[in-house]
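*Asks:* Got a structure here, written out as structure tokens. Questions coming.
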Amino acid sequence: MTKRVPAWVWLLSPALLFVLAMAVFPLGYSFVLSLREWKLARMDEPGRWVGLENYWLLLTDDPEFMDSVKVTAVFLGWDVVLTLLLALGAALLLKRQGRAYSLARVLLILPFVMSPAVIGISFRFFLNAEYGIAQHLLSSLIPALQGKIWLSDAKLAMAAVVASDIWHWAPYMTLMILGGLASVPRETEEAARVDGAGPIRVFLDVTLPQIWPVLGVVAILKSVFALKAFDTIFTLSNGGPGTSTQTLAYFVYNTAFGYYDMGYAAAAAYVLTAVLLTIAMFYLRLVIRK
Amino acid sequence: MTAHRQHLPSATTLLAQRWSFEFFHAAGVLLIVGVIVLPIFWITLTAFKEPRDVYALASALHFTPTLENFTTVFAHPWNIGQKIVNSVLVATGTVLVAIPMATMAAYAFSRFQFAFKRTLFLLVIASQFIPAAVVVLPFFLMFKAWGLLDTRIALVMVNLSIVLPYAVWMIKGFLDAVPLEIEESAMVDGASRARVIWEIVVPAAWPGIITAAVFSFTLTWNEFLFALILGKQHALTLPIGLIGFRTERGDLWELMAAGGLLITLPMFVLSLMVQKHFVGSLTAGSVR
Amino acid sequence: MMNRRDLMQWSAATALGLHGLGSAHAQSAALRPGKPFAGQTVNVLSVVAPQFSAHEARLAEFEALTGIVVKYQYVPFANTREKLTAELVAKTDQYDVLSAMDIWGPSLYNLFEPLNDRLAEKKIDMAARYPRAHLRAARDGLGNGNNYLGFPIRGHVQLLFYRKDIFSRLGLNPPETWDQMVEAARTVQSKTDLAGVAMYYGKTGGQNLMIWMNYLWGMGGDLVDAQGNPAFNSPQGIAATQAYLDVLLKHKVAPAASASFNETDAVNSVAQGKTAMVPVWWWRYASLTDAKTSTLKPEQVGFVPLPSMPGKDNSTYTNTWFYGINRNSKRKDAAMEFLTWLTQPGIERDLLLDRSKNEVVAVQNANLVDAAVNQRFDGMHRAAAQSLKGAHGVPLFPQWPQFSDLLEATINELASGQGDVKSALDGAAQRARRIMRS
């Protein structure tokens, strides 16, 4: 290979420079901001330097922050696991040829392009205790749910919030997994079937290992967006009942634009970022080997 | 397996097993379709109802339909028509700039070895980990300094910074799956790297590029906070319009449903068109 | 019948282009003659509300008078604060006239231009024009300062709406105290299939605190004491909270869904004929009587001032929006012309008397006691003026948003049946102490 000016310099420059500029700016700015005190109600510009005091207060003296961390962990767990399982199941069901299946696959994009806020509001109306169609249907099908007011029950509110996020994302993830499934050479599966393996065995021994990377991407992508999820939660439950669906993303937004405490919000945002960075580094270590 | 004749179940049992498998398969597909379609169907119904009928179960299916919600959302002060146009322009503009940029960057990350590669890649993705609420004000100050407030250009720039990390990541995954040998042999034969990329690599990674394009379009389409802060009159997008239906009087669900429907239909059509390429992706390419 | 004095005022009003703007008693300030600001554009940050849309429909008049073009730039109601924050931080002049809610006032003082000099020039007497309860929203110094930062434009009082037809059928009198409200609700529930009173304990923008605060103040409690320490967990506070929640929890005269209702849900419950009463802002009258949004007819909807504690005067909690001038604006004079014209008592009065709409919102003293207005709305405005005299306004200390969030979450949790009032309020007071310290 020729060894003049490496081609990658030309290829990479415009994209990388732009991305780094637009990326480093927020990462750097918000970190610097988190080291200062800036209460908008009292000062127009960032105020005195407080070092790590914001972080210290967050981790030791803020029960609301700790609550939101717990809520986020619960939300993240349910959201990612259920999305992955449902998307995988749906992909396996929908990967056949045929007009009907084609049509079903076309539908998969629709929930994804709907505005998350519209989804949140719609689900809230679906679950309204007086006239909500979903709560009406569900309580007639499941007796245990009769008389329950979804958005007044911490567990049901969490279920509603998770369900709305899954409805938004899982169909799209199904499409991604379908793409992965399609690249699994059919011969490998045929071979296993000829050897007498049942469908479950074929899936576990042949298909699954080959789509493992896709599932990894889906898991990471979903984790990132689950940790950033805000619009659906805000419009559906407003963090309630009480603060039982108030996630970290909600906490950051509320601290910034509700309480006008910008420095503190930046610190909370950086804690969230640190969590995401850990997940991302873990994932990248598995993927970038070169 | 030799004497498996003795272990083979009877033909009727096999058939029954086949039928029940097919039955559950079909039921599963119907369930998926139902879960996706039912909420959309309900929102569609709502779009045709008077507010009075929206908030009652009795008139859930029996009501006098009206087109008033649609005329209202296009009229003043909602003016959703202009917002849809802006959304289309901003989203299309963002995708048209983002995809070539992302493909180039992804190619570099995929094919070349250089110092700090992993760190740089991480940095690119990590830029999206900061919640928007914290960085929207500095962006506002930046665009104010450049005189770009309330412009679609500013929105395209902001959305570029949002979607590029994901696009780079997705396309890189698809590029990783394209074998190096084809490129190398083509270059040994004298083709320049640019031609190789254009004629060999891009077509091979096309499904991934389409995936990234759809993803970027959707992220831009639904982006709210930056559009809210940076827009005033000329650069208002659809999410602003939709959230504008949350008024003092409460959430005007019937108007929101009408607006939401206006988006879903074209998206459905777009999806039908893109499906052809997705079918392509179902026979080639993989994500790693 | 015009006497000579009316004739003179009529001709003066015509000369100034103020003809048709209503009663001569009200203060009508003058616009600068000669169109000195012709050609300028004034941008107004506004939200979509029927009142503001009605104002916008009249802008052509203003443009004809002054040559100033006014553009209403609508932002989503839920995100007005974010837009104001951006203006504040970046010191931009995207908007010349800004609208803000009273509770945001203390954090936005640096955004608004003090208007005292301009008001003096226009000879506008704010204290005479507006009730004290609404005016404090537009003053700095946590409501008691010397500077006026804007004109109250949209102000509310609370009323109790009830089903007139059902009450007369059951021989009930509209309640005057909270206990009477519970009694009436109980009767309604036993004799009809409607629920008694639609309460709203759900968590949305502090809405579940708005009736609660009346209970709190009515029983002698308060949110903070003189030293700024949380005081809502005093014995009176606990009793008040218990009484407020008992409407649902103990007496069960509210629909079970009240635990998650927001204000709109509660109003809808009445509008759909499911509940018989709702204590809410007076402007909801339109939602309850408009055929598009309600199944009820105007004859079925009655109202009384908000119930009180026995022996106490009727009071109300108030909510006020004001229009002010952006400190960074380069067109402050033109903006002042606009606000002078817009806040003419006549404009408000015209909207109140417009039979095609059911707008009841009025913030000016002259209109609250106006005969024609009270005739149209059965004395609602006179009753409102009376309630406003003793009204508590919203607490105006800077930590209020956090305080409000905390209280709202506590009430919401209690309403869903979790925990007991005393320990919940004590826990909230502890967290509130942290908030007040910061």
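Residue numbers (my numbering), protein chains in the order written: chain A, 1 to 290; chain B, 291 to 578; chain C, 579 to 1016. All C-beta atoms in this analysis are idealised placements derived from N, C-alpha and C, irrespective of residue type, glycine included.
#1: Taking 8 Å as the threshold (C-beta atoms), are C:M855 and C:M759 in contact?
#2: Given a cut-off of 8 Å on the beta-carbon distance, is the pair C:A837 and A:I142 in contact?
#3: Taking C:A656 and C:F900 to be in contact with their CB atoms under 8 Å, please state how far apart those CB atoms are, rounded to whole angstroms.
#4: Under the DSSP definition of a beta bridge, which residues are partnered with C:T755?
#5: For the alpha helix (DSSP H) that A:S115 lies in, which residues bound it at each end?
#6: Count the C-beta pairs between the stretch 638-657 of chain C and the stretch 870-889 of chain C that are closer than 8 Å, then say yes if the count reaches three, no if not.
#7: What do you reckon, are the CB atoms on B:N359 and B:T527 nearer than 8 Å?
#8: Any idea what DSSP makes of C:H1081, helix, strand or coil?
#9: Rounded to whole angstroms, what is the Cα-Cα separation between C:G721 and C:G683?
#10: Any chance you could list the alpha helix (DSSP H) runs of at least 4 consecutive residues sitting entirely within the stretch 739-795 of chain C, in chain order?
#11: Could you list which residues in chain C have their beta carbon closer than 7 Å to that of B:A548, in chain order?
#12: By alpha-carbon positions, which one of B:W543, B:A306, B:A381 ends up nearest to A:F126?
#13: As a quick exercise: from C:Y708, C:N694, C:T918, pick the residue whose alpha carbon is nearest that of C:D718.
#14: By how many angstroms is the C-alpha of A:G239 removed from the C-alpha of C:A1006?
#15: Find the residues of chain C that neighbour B:E340, judging by a C-beta separation of less than 9 Å, and give them in chain order.
#16: Counting only beta-carbon atoms, is C:Y1097 nearer than 8 Å to chain B?
#17: Would you please verify whether the beta carbon of A:P185 is less than 8 Å from any beta carbon of chain B?
#18: What are the residues in the stretch 256-279 of chain A lying within 7 Å of chain C by C-beta distance?
#19: Distance, Cα to Cα, A:L248 vs A:L272?
#20: Which residues in chain A have a C-beta closer than 8 Å to the C-beta of C:L974? List them in chain order.
#21: Could you check what DSSP says for A:T60 in three-state terms: helix, strand or coil?
#22: Can you list, in chain order, the residues of its chain whose CB lies under 8 Å from that of C:V620, leaving out five sequence neighbours each side?
#23: CB B:V504 to CB B:L445, shorter than 8 Å?
#24: How many whole angstroms separate the CB atoms of C:M791 and C:H970, which I take to be in contact at a CB cut-off of 8 Å?
#25: Check whether the stretch 28-36 of chain A touches the stretch 419-427 of chain B, counting contact only when three or more Cβ pairs, one atom from each stretch, lie closer than 8 Å.
#26: Using a Cβ-Cβ distance cut-off of 8 Å, determine whether B:H315 contacts chain A.
#27: CB-CB under 7 Å to C:R659, same chain, minus the five flanking residues each way: which ones, in chain order?
#28: For the ligand GTP, is there a heavy atom less than 7 Å away from the beta-carbon of A:I279?
#29: Counting along the chain, where does the alpha helix (DSSP H) carrying C:M1014 start and finish?
#30: Between which two residues does the beta strand (DSSP E) carrying C:H734 extend?
#31: What alpha helix (DSSP H) runs, 4 residues minimum, are completely inside the stretch 406-444 of chain B?
#32: Quick check on the burial criterion: 16 or more other C-beta atoms within 10 angstroms. Buried or exposed for B:F464?
#33: Check whether chain B comes within 8 Å of C:N688, counting only Cβ atoms and requiring the distance to be less than that.
#34: Cβ of A:E189 within 8 Å of Cβ of A:V206?
#35: For A:L138, collect the residues of the same chain with a Cβ closer than 8 Å to its Cβ; drop the 5 residues on either side in sequence, then sort them by chain order.
#36: If we ignore side chains and look at the alpha-carbon of each, how far apart do C:N811 and C:L738 end up?
*Replies:* Put simply:
#1: yes
#2: no
#3: C:A656 to C:F900, Cβ: 19 Å. No contact.
#4: C:S886
#5: Per DSSP, A:S115 belongs to no alpha helix (DSSP H) and is neither H nor E.
#6: no
#7: no
#8: Only positions 579 to 1016 of chain C appear in the structure, and residue 1081 of chain C is not among them; the question remains open.
#9: 9 Å
#10: 742-747, 756-769
#11: Near B:A548 there are no residues of chain C at all, since even the closest Cβ is about 14 Å away, more than 7 Å.
#12: B:W543
#13: C:N694
#14: 17 Å
#15: A869, K870, T871
#16: Nothing can be reported for residue 1097 of chain C, as the shown portion of chain C is limited to 579 through 1016.
#17: no
#18: F257, G258, Y259, Y260
#19: 7 Å
#20: Those do not exist, as C:L974 stays about 12 Å from chain A at its closest Cβ, beyond 8 Å.
#21: helix
#22: I646, V647, V648, K649, D674, V675, R909, A912, A913, F916
#23: no
#24: 7 Å
#25: yes
#26: yes
#27: W682
#28: Questions concerning the ligand GTP fall outside what the structure shown contains, since it holds no ligand whatsoever.
#29: 999-1015
#30: 729-734
#31: 407-416, 422-435
#32: buried
#33: no
#34: yes
#35: L145
#36: 27 Å
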